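Read through the structure below, which is laid out as structure tokens, and then see the notes.
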Amino acid sequence: MLHKTRAIALKITNYSENSVVAQFFTEEFGIQSYLINGARKPKAKIHVNMLQPLHLLDLVVYYKDTGSLQRIKEATSWPILQQIPLEITKSSVAIFLNEILYKVLKQQQPDPHLFNFIQQSILWLDQTDEPIQNFHLCFLMKLSRFLGYMPSSSDEILPYFDLVDGVFTKYAPAHTYTLQAPHTHMFHAILNVPYEESHLIQMKHEDRIYLLSQIINFYKVHTENFGTVNSLQILEEIFH
16 MLHKTRAIAL KITNYSENSV VAQFFTEEFG IQSYLINGAR KPKAKIHVNM
66 LQPLHLLDLV VYYKDTGSLQ RIKEATSWPI LQQIPLEITK SSVAIFLNEI
116 LYKVLKQQQP DPHLFNFIQQ SILWLDQTDE PIQNFHLCFL MKLSRFLGYM
166 PSSSDEILPY FDLVDGVFTK YAPAHTYTLQ APHTHMFHAI LNVPYEESHL
216 IQMKHEDRIY LLSQIINFYK VHTENFGTVN SLQILEEIFH
């Protein structure tokens, strides 16, 4: 049976000489893997270039709830990304976000609110003319809300943030997964700022690297088998 769904491309794996298996986060079915024959041929109807990380597509798909590999009848790039594929800073951020999403969405069921959040975040990154050096930090914390471990909000900025319990606290936790001043102030700002104002958060390069490493620790604590983030070094070099 044929279905229409919007989709976000996450990963491509070569399947044969000209074919690939593409993994998408779809609006209708959650995470799905599709066998696409001939995708690496120059005149492919569904070409591998359409399937690059975080590209957005409209799909017409065959769906069987018994098979792990599905089939695609039609695929259209929409909306077409303008800057992410061409601009080195934005493409580097996209590679990083894609790696995180692939880790946390492995078993994701359909979630239209999560899908819309990710799609709108990708479009904002693609279209904005504002500086994006803090965008990935804000994205990760906004994403955590949909994954069920968003930190508790607090109007008062307490001296410590407990990464394990996800709370601001007056006293240092009895473990090392913690933030303290001045990083608690920066972290509090990241939690509460919209994307279009994220560049206004002032921090040094070293502070941004440290905060990102701690946010990744936050994800590791709350995500089973999270593993290492291979694209981390790229961001450190891009935003130096």
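Sequential numbering from 16 applies to the sequence shown in my numbering.
In this text, a Cβ means the ideal position worked out from N, Cα and C, and glycines have one as well.
From a predicted model like this one, the values you see are computed outputs, not experimental measurements.
Less than 7 Å separates the beta-carbon of Pro125 from that of Gly45. Scanning the segment 30–56 for uninterrupted beta strand (DSSP E) segments of 3 residues or longer gives 35–41 and 45–51, listed from N- to C-terminal end. Per DSSP, reduced to three states, the secondary structure at Ile27 is strand. Of the residues assessed, Met16 falls on the exposed side of the cut-off, its CB having fewer than 16 other CB atoms within 10 angstroms. In chain order, Gln148, Asn149, Leu152 and Phe254 place their CB closer than 8 Å to the CB of Arg223, counting only its own chain and leaving out the 5 sequence neighbours on each side. C-alpha of Ser92 to C-alpha of His70: approximately 7 Å in a straight line.
Exposure of Asn64 is indicated by the presence of fewer than 16 other C-beta atoms within 10 angstroms of its C-beta.
The DSSP-derived three-state label of Asp177 is strand. In the three-state reduction of the DSSP assignment, Ser167 falls in the coil class, being assigned neither a helical nor a strand state. Between Met165 and the set Phe202, Leu25 and Ala187, the nearest pair of CA atoms involves Phe202.
Taking the Cα positions, Ile133 is about 30 Å away from Leu173. Counting C-beta atoms within 10 angstroms of its own C-beta, Glu211 has fewer than 16 neighbours from the protein chains shown and is therefore classed as exposed.
Burial is judged here by how many other beta carbons sit within 10 angstroms of a residue's own beta carbon; Ser106 has at least 16 and is buried.
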